[in-house]
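A.B. asks: Protein chains in written order, with this note's numbering: chain S, 3 to 374; chain A, 605 to 909.
#1: To the nearest angstrom, how far is it from the Cα of residue 236 of chain S to the Cα of residue 677 of chain A?
#2: Would you verify that the beta carbon of residue 178 of chain S is, or is not, closer than 8 Å to some beta carbon of chain A?
#3: Could you confirm whether any beta carbon from chain S is found closer than 8 Å to the beta carbon of residue 692 of chain A?
#4: Taking Cβ to Cβ, would you say residue 782 of chain A is nearer than 8 Å to residue 837 of chain A?
#5: Under a three-way DSSP split, which group does residue 620 of chain A fall into?
#6: I'd like the span of the beta strand (DSSP E) that includes residue 653 of chain A, first residue to last.
#7: Just list the alpha helix (DSSP H) runs in the stretch 756-801 of chain A, keeping only unbroken ones of 4 residues or longer that don't cross its boundaries, in chain order.
#8: Please confirm whether residue 12 of chain S has its beta-carbon closer than 8 Å to some beta-carbon of chain A.
#9: I'd like the list of long-range same chain contacts for residue 609 of chain A, defined as Cβ closer than 6 Å, with 5 residues on each side in sequence excluded.
#10: Taking C-alpha atoms, which residue in A:633, A:672, A:694 and A:649 lies nearest to residue 209 of chain S?
#11: Is any beta-carbon of chain A found at less than 8 Å from that of residue 227 of chain S?
#12: Which chain A residues are close to residue 210 of chain S, counting only those with a beta carbon under 8 Å from its beta carbon?
#13: Any beta-carbon of chain A closer than 8 Å to the one on residue 311 of chain S?
#14: Are the beta-carbon atoms of residue 804 of chain A and residue 635 of chain A separated by less than 8 Å?
#15: Let me know the beta strand (DSSP E) ranges lying completely inside the stretch 791-861 of chain A, each 3 residues or longer, listed in chain order.
#16: Output, in sequence order along the chain, the residues in the stretch 813-831 of chain A whose CB is closer than 9 Å to any CB in chain S.
#17: How many angstroms separate the CA atom of residue 888 of chain A from the CA atom of residue 820 of chain A?
#18: Return no unless some Cβ of chain S is closer than 8 Å to the Cβ of residue 708 of chain A.
#19: Is it true that the CB of residue 719 of chain A sits closer than 8 Å to the CB of residue 759 of chain A?
#20: Note down the Cα distance separating residue 374 of chain S from residue 355 of chain S, rounded to an integer number of angstroms.
#21: Determine the burial state of residue 309 of chain S: buried for a count of at least 16 other Cβ atoms within 10 Å of its Cβ, exposed for fewer.
#22: What does the alpha-carbon distance come out to for the pair residue 867 of chain A and residue 853 of chain A?
#23: If you reduce the DSSP assignment to three classes, tell me which class residue 120 of chain S lands in.
#24: Counting only beta-carbon separations shorter than 8 Å, does residue 214 of chain S have a partner in chain A?
#25: Keeping to the same chain, check which residues put their C-beta closer than 8 Å to that of residue 732 of chain A; ignore five residues upstream and five downstream.
#26: Per DSSP, residue 99 of chain S is paired with what?
#27: So the alpha helix (DSSP H) residue 892 of chain A belongs to, where does it begin and stop?
#28: Does any CB atom of chain S fall closer than 8 Å to the CB of residue 696 of chain A?
#29: Nearest to residue 325 of chain S by CA position, among S:352, S:336, S:286 and S:108, is which residue?
#30: If you draw a straight line from the alpha carbon of residue 260 of chain S to that of residue 339 of chain S, how long is it in whole angstroms?
#31: On the three-state DSSP scale, how would you describe residue 170 of chain S?
#32: Starting from residue 204 of chain S, trace the beta strand (DSSP E) in both directions and tell me its first and last residue.
#33: Could you check whether residue 107 of chain S and residue 190 of chain S sit closer than 8 Å to each other, using their CB atoms as the reference points?
#34: Relative to the C-alpha of residue 824 of chain A, which residue among A:716, A:896, A:834 and A:795 is closest?
#35: With C-beta atoms as the reference, is residue 57 of chain S less than 8 Å away from residue 66 of chain S?
Have a look at this one:
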């Protein structure tokens, strides 16, 4: 055990001697949090409209005014030329063209159904759907107005309707920052565990110091343990730092146990450190490692459900996520932080992570024994 | 005298390349045993097997009575290894490196200071300097100190003097000689022929095969023919001309002269006149004593031929 202690002391000495890494280890999480958490959002704040009003009646003006009055829509352009409108859409100057044909106002008065045409830029499908949904909301509101106005003038027709009242749970204000922060915390811990630790390992190989260590009585498990522990600790310190920033800068709620968060991240870190070690045994220099690690990082993070719900991914992707440690921690962090889930709620995730951690680490140790 | 290393029939291949072919040798206690051979001869591979870093495909090697494959754990406590490439932590200071290697062997600098004091005293004034910032000669002294800090019984040095200036090289060999007083067996490899003479025993190695093992003086004596040293103004022209000489047996450049063996008695006059006819100006030919390099080149030639 004393040997492990000496090895760990050496690691810390080297990490903090490196002027850049020593600072970056604590600087990066702060910057990452402050940039990513407020920046990444699926909320649509502004949908730029181009209006083709061929009707020019009080009714058509009323609809446009209603759209302008909503917080989402900004009427950027008005034109009578359909060609020009399409050109504007083509140049990304607007997201949606609303075409009001002549006769729109007349039809409303006459009781005939009126028609309008909306063309949506659907390069980003979810933005397109959201814009469309917002537009629909405004138009059905406008519809209600017409109906009620008509009720006043004509005889009373009883209207039976289903009234829906909803309440958003766990994130009442639909604050995207609250949703993203636990996810960004996962990326943070992954970067420390996977990139830093693996690169450190490969570096010993690249500059040949591992050769010198291998001739000493230092055992493989001691060497591996001494490589893992410093990065495990740094990862957890970064997690704490990230949570403090979340509380101070974004006032993200901490519903669940902080201890449980650390438990999840600890097991997760052992898993990714094991994987880092495994990949490092295949790489003979830092460049090779970087490339492979980057691939793993991207796949793990994007499939984990950080941006898009993992539940709606194809079947095979969900199966893949069974061995994706990032996906488990993503769920654990969000459930514990936002829902206040207890250990019993996330037991399945914790156990799965632990199994992955044991597997990855033992693969790594076995492979490491064979190669070096 | 005790045998410290015994190697029998060691073979090792890397894919198609047969790096070591049937290597057998013994090393006696407190000897300085040198492996002399060109780059790619197999020296480093052999040393990696010797230091338990690599498994041989065939053959066995026992070091200090322990098998390098089965007894590696015990053996590693008693081996000091200095790889050809500087393999200490460049981002740790001189003292931190030494301290680190002392602690992983469960000892301290103080405990074995007498063993390394001769070497370490040269670099001690720079103990707070980063190892990566040291000069070549100093790096070598630090590496040697680190390899010795646990008082090993056997010291393995892979090309320790490559890339080191001439003065440091000479100093280094004096230090090695001193280590013999501590009953440390030293196995060293070098591409430099002049260092061969400083060993107690040398093995000439080429293409994974040992060509000869003996005391350097005996190896030298193995050169049985008369050797002539020929000099002239234009060395290259001289070399070409000598190759044309009908009685030439072998010819190779050696420093500022050319070494020549011929199939005739007292060739001085006829060689000289032949050379002058070939247009070589002011040739000089003298009988000379063969060095270990001459013997090595002769052995290499017969091996290849």
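Each residue gets a CB set at the ideal place from its N, CA and C atoms; glycine is no exception.
C.D. replies: A quick look at the data gives this:
#1: For the purposes of this step, residue 236 of chain S is taken as residue 234 along the first chain, with counting starting at 1. For the purposes of this step, residue 677 of chain A is taken as residue 73 along the second chain, with counting starting at 1. Straight-line Cα distance between these residues: approximately 32 Å.
#2: Counted from its first residue, the first chain places residue 178 of chain S at position 176. No, because no Cβ of chain A sits closer than 8 Å to the Cβ of residue 178 of chain S.
#3: Taking the second chain and counting its residues from 1, the one referred to as residue 692 of chain A is at position 88. Closer than 8 Å: yes.
#4: Residue 782 of chain A sits at position 178 when you count from the first residue of the second chain. Residue 837 of chain A sits at position 233 when you count from the first residue of the second chain. No; because the gap between Cβ atoms is not below 8 Å, this pair is not in contact.
#5: Position 16 of the second chain, counted from the first residue, corresponds to residue 620 of chain A. Here residue 620 of chain A sits in coil by DSSP.
#6: Indexing the second chain from 1 puts residue 653 of chain A at position 49. Here residue 653 of chain A belongs to no beta strand (DSSP E); instead the alpha helix (DSSP H) covers 647-654.
#7: 770-783 and 797-800
#8: Here the question's residue 12 of chain S lines up with position 10 in the first chain. Closer than 8 Å to some Cβ of chain A, the Cβ of residue 12 of chain S qualifies, so yes.
#9: Here residue 609 of chain A corresponds to residue number 5 of the second chain, with the count starting at 1. Excluding sequence neighbours, residue 609 of chain A sits near 631 and 667.
#10: The residue labelled residue 209 of chain S in the question sits at position 207 within the first chain. Nearest C-alpha to residue 209 of chain S: A:694.
#11: Your numbering for residue 227 of chain S matches position 225 in the first chain. No, residue 227 of chain S does not count as interfacial toward chain A.
#12: By one-based count along the first chain, residue 210 of chain S stands at place 208. The contacting residues are 687, 689, 690 and 691.
#13: As a working mapping, residue 311 of chain S is identified with position 309 in the first chain. Chain A, which has no Cβ nearer than 8 Å to the Cβ of residue 311 of chain S, makes this no.
#14: Sequence index remark: in the second chain, residue 804 of chain A carries index 200 (1-based). Sequence index remark: in the second chain, residue 635 of chain A carries index 31 (1-based). Going by C-beta atoms, residue 804 of chain A is nearer than 8 Å to residue 635 of chain A.
#15: 805-810, 813-818, 831-835 and 852-858
#16: none
#17: In the second chain, the residue the question calls residue 888 of chain A occupies position 284. In the second chain, the residue the question calls residue 820 of chain A occupies position 216. Their Cα atoms are separated by approximately 29 Å.
#18: Start at 1 with the first residue of the second chain, and residue 708 of chain A comes out as number 104. For residue 708 of chain A, the answer is yes, since a Cβ of chain S falls inside 8 Å of its Cβ.
#19: To locate residue 759 of chain A, count along the second chain from 1; it is residue 155. To locate residue 719 of chain A, count along the second chain from 1; it is residue 115. No, these two residues do not count as a Cβ contact at 8 Å.
#20: Along the first chain, read from residue 1 onward, the residue named residue 374 of chain S stands at position 372. Along the first chain, read from residue 1 onward, the residue named residue 355 of chain S stands at position 353. With a pLDDT of only 47 at residue 374 of chain S, under the threshold of 50, the placement of this residue in the model should not be trusted; the figure read from the coordinates follows. Spanning the two alpha carbons is a distance of roughly 28 Å.
#21: The sequence position of residue 309 of chain S within the first chain is 307, counting from 1. Exposed, because fewer than 16 other Cβ atoms sit within 10 Å of the Cβ of residue 309 of chain S.
#22: In the second chain, the residue the question calls residue 867 of chain A occupies position 263. In the second chain, the residue the question calls residue 853 of chain A occupies position 249. So the alpha carbons of these two residues sit roughly 6 Å apart.
#23: Position 118 of the first chain, counted from the first residue, corresponds to residue 120 of chain S. Correct three-state label for residue 120 of chain S: strand.
#24: Position 212 of the first chain, counted from the first residue, corresponds to residue 214 of chain S. Taking Cβ atoms only, chain A reaches closer than 8 Å to residue 214 of chain S, which makes this a yes.
#25: The count along the second chain starts at 1 and reaches residue 732 of chain A at position 128. So the qualifying residues of the chain are 697, 698 and 699.
#26: The residue labelled residue 99 of chain S in the question sits at position 97 within the first chain. Looking at the DSSP assignment, residue 99 of chain S forms a beta bridge with S:52 and S:121.
#27: The residue you call residue 892 of chain A lines up with position 288 of the second chain. Careful: residue 892 of chain A lies outside any alpha helix (DSSP H), inside the beta strand (DSSP E) at 888-892.
#28: What you label residue 696 of chain A is simply residue 92 of the second chain in a count that begins at 1. Yes, its Cβ sits closer than 8 Å to a Cβ of chain S.
#29: By one-based count along the first chain, residue 325 of chain S stands at place 323. The residue with the shortest Cα to Cα distance from residue 325 of chain S is S:352.
#30: One-based indexing of the first chain puts residue 260 of chain S at position 258. One-based indexing of the first chain puts residue 339 of chain S at position 337. Between residue 260 of chain S and residue 339 of chain S, the C-alpha separation is close to 8 Å.
#31: In the first chain, the residue the question calls residue 170 of chain S occupies position 168. Residue 170 of chain S falls in the coil class under three-state DSSP.
#32: One-based indexing of the first chain puts residue 204 of chain S at position 202. Segment 199-208 is the alpha helix (DSSP H) holding residue 204 of chain S; no beta strand (DSSP E) there.
#33: Numbered from 1 along the first chain, position 188 holds the residue referred to as residue 190 of chain S. Numbered from 1 along the first chain, position 105 holds the residue referred to as residue 107 of chain S. It is not a contact, given that the beta carbons lie outside the stated cut-off.
#34: Counting from 1 along the second chain, the entry for residue 824 of chain A is found at position 220. For residue 824 of chain A, the nearest C-alpha among the options comes from A:896.
#35: Mapped onto the first chain, residue 57 of chain S falls at position 55. Mapped onto the first chain, residue 66 of chain S falls at position 64. For residue 57 of chain S and residue 66 of chain S, no; Cβs fall outside 8 Å.
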